[in-house]
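Peer 1: Keeping their order, the protein sequence lines are chains A and B. Residue numbers for the first sequence follow this note's numbering, so the first one is 9 and each next one is one higher. Residue numbers for the second sequence follow this note's numbering, so the first one is 287 and each next one is one higher. Before anything else, here's the structure in question.
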Amino acid sequence: MFPKLADVVAAIHDLKERGLIKDYAISGAMAQLFWDEAVVTFDLDVLVLLGPGASLLDPLRGIYEWAAERGYPSRAEHIVISDFPVQFLPAPDALSEEAVKNASTVESDGVAFRVVRPEYLIALWLQSGPASTFRRRERVAKLRESVLLDADLLADLKTRYNF
Amino acid sequence: MLREGKASLRLMRQRASIEEKLLDLWRGQHVYVQIVGGRRPLQPWEQPWNIRSDVRDVIVIKDGAIQSFNTAVPISGSSSQWVRPLKQWILSKQP
Chain A
9 MFPKLADVVA AIHDLKERGL IKDYAISGAM AQLFWDEAVV TFDLDVLVLL
59 GPGASLLDPL RGIYEWAAER GYPSRAEHIV ISDFPVQFLP APDALSEEAV
109 KNASTVESDG VAFRVVRPEY LIALWLQSGP ASTFRRRERV AKLRESVLLD
159 ADLLADLKTR YNF
Chain B
287 MLREGKASLR LMRQRASIEE KLLDLWRGQH VYVQIVGGRR PLQPWEQPWN
337 IRSDVRDVIV IKDGAIQSFN TAVPISGSSS QWVRPLKQWI LSKQP
């Protein structure tokens, strides 16, 4: 295991212990890596359920203050933890919240990762609006083709979230 | 035949360990930067991750035997660990 990825998980657990986040799950292309073959990405998206003390107007302020205190540099919207540019994304809607709550725990070399399940990745990528870019639709096609999906869950998500 | 080969290669990539997949991703980032960087200026965030620098080379010399291996460490670094030999050092053998 790349120890630096384990550092990222340890840092996220620190956020959880401090109550800044309630839960998290790796999302985006990095989550896809856990289910399928690797695709090129330049950041590590982490969906978070923020703690009760998070500001409504500036929800990530606590996380950025924590990063500054820990000496993690910020680069644009990323916090660089052990050379991984990590983007913390507060779950913006019910689907994202559900994706975090129902994330899978994947263990690799003694490190436990919370990862958004492929059915939720598809749902998140297919949500209408600006989130549904061509690249994301391509990733959906790839996941559908190569990963054994829970068809019932996907159908249920499709009905409830209308994508 | 070619199609089967491609399918099995893909299956192999899918079943690879997280470490191997990360390595694939890292190689992909380098290829991306080479190709895309030749066509347009890259964005500041389009940089390959520096995730391979955390392999520590360890050399242990003990009782005349030299052991060399790589081990991963939680922070970047490189060091050598020396274990004092029980016997006297022999730097060169006299005929």
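All C-beta atoms, glycine included, are put in the ideal place defined by N, C-alpha and C.
Grouping DSSP H, G and I as helix and E and B as strand, with all else coil, what is A:F92?
Peer 2: strand
Peer 1: With 8 Å as the threshold, decide whether the Cβ of A:P93 is near any Cβ in chain B.
Peer 2: yes
Peer 1: Is there a C-beta anywhere in chain B that falls below 8 Å from the one on A:L68?
Peer 2: no
Peer 1: How about A:S104 and A:L132: are their beta carbons less than 8 Å apart?
Peer 2: yes
Peer 1: CA-CA distance, B:K291 and A:G27?
Peer 2: Before going further, note that residue 291 of chain B is Gly rather than Lys in the sequence given. If I take the Cα positions, the gap works out to 49 Å.
Peer 1: Counting only C-beta atoms, is A:V16 closer than 8 Å to chain B at any point?
Peer 2: no
Peer 1: In whole angstroms, what is the alpha-carbon distance linking B:G323 and A:E146?
Peer 2: 22 Å
Peer 1: Reducing DSSP to helix, strand and coil, say where A:L65 ends up.
Peer 2: coil
Peer 1: Could you list the residues in the region 291-304 of chain B with a C-beta less than 8 Å from some C-beta on chain A, going in chain order?
Peer 2: R296, R299, Q300, A302, S303, I304
Peer 1: Determine, using beta carbons only, whether A:L199 and B:L311 come nearer to each other than 8 Å.
Peer 2: Lying outside 9 to 171, the shown extent of chain A, residue 199 of chain A is not represented and no answer is given.
Peer 1: Please report whether the beta-carbon of B:L311 lies at a distance below 8 Å from any beta-carbon of chain A.
Peer 2: Closer than 8 Å to some Cβ of chain A, the Cβ of B:L311 qualifies, so yes.
Peer 1: Using a C-beta cutoff of 8 Å, does A:K166 count as contacting chain B?
Peer 2: no
Peer 1: What are the boundary residues of the beta strand (DSSP E) that includes A:T113?
Peer 2: 112-116
Peer 1: Beta-carbon of A:E77 versus every beta-carbon of chain B: anything under 8 Å?
Peer 2: no
Peer 1: Taking Cβ to Cβ, would you say A:P93 is nearer than 8 Å to A:R83?
Peer 2: yes
Peer 1: Which residue comes first and which comes last in the beta strand (DSSP E) that contains A:V56?
Peer 2: 52-58
Peer 1: Which of the three DSSP states, helix, strand or coil, is assigned to A:L132?
Peer 2: helix
Peer 1: Under the assumption that B:Q300 contacts A:V48 (Cβ atoms under 8 Å), give the Cβ distance between them as a whole number of angstroms.
Peer 2: Between A:V48 and B:Q300 the Cβ distance is about 16 Å, and since that is not below 8 Å, they are no contact.
Peer 1: Name the DSSP beta bridge partners of A:V123, please?
Peer 2: A:I34, A:S112
Peer 1: Name, in chain order, the residues that DSSP records as bridge partners for A:L97.
Peer 2: A:L55
Peer 1: Which chain B residues sit within Cβ distance under 9 Å of A:D51?
Peer 2: Correct list: W331.
Peer 1: Relative to the C-alpha of B:I304, which residue among A:E77, A:F171, A:F121 is closest?
Peer 2: A:F121
Peer 1: Alpha helix (DSSP H) containing B:I321: first to last residue?
Peer 2: 304-325
Peer 1: Applying a beta-carbon distance threshold of less than 7 Å, which residues of chain A neighbour B:G314?
Peer 2: At a beta-carbon threshold of 7 Å, the residues of chain A lying near B:G314 are A46, V48, ordered along the chain.
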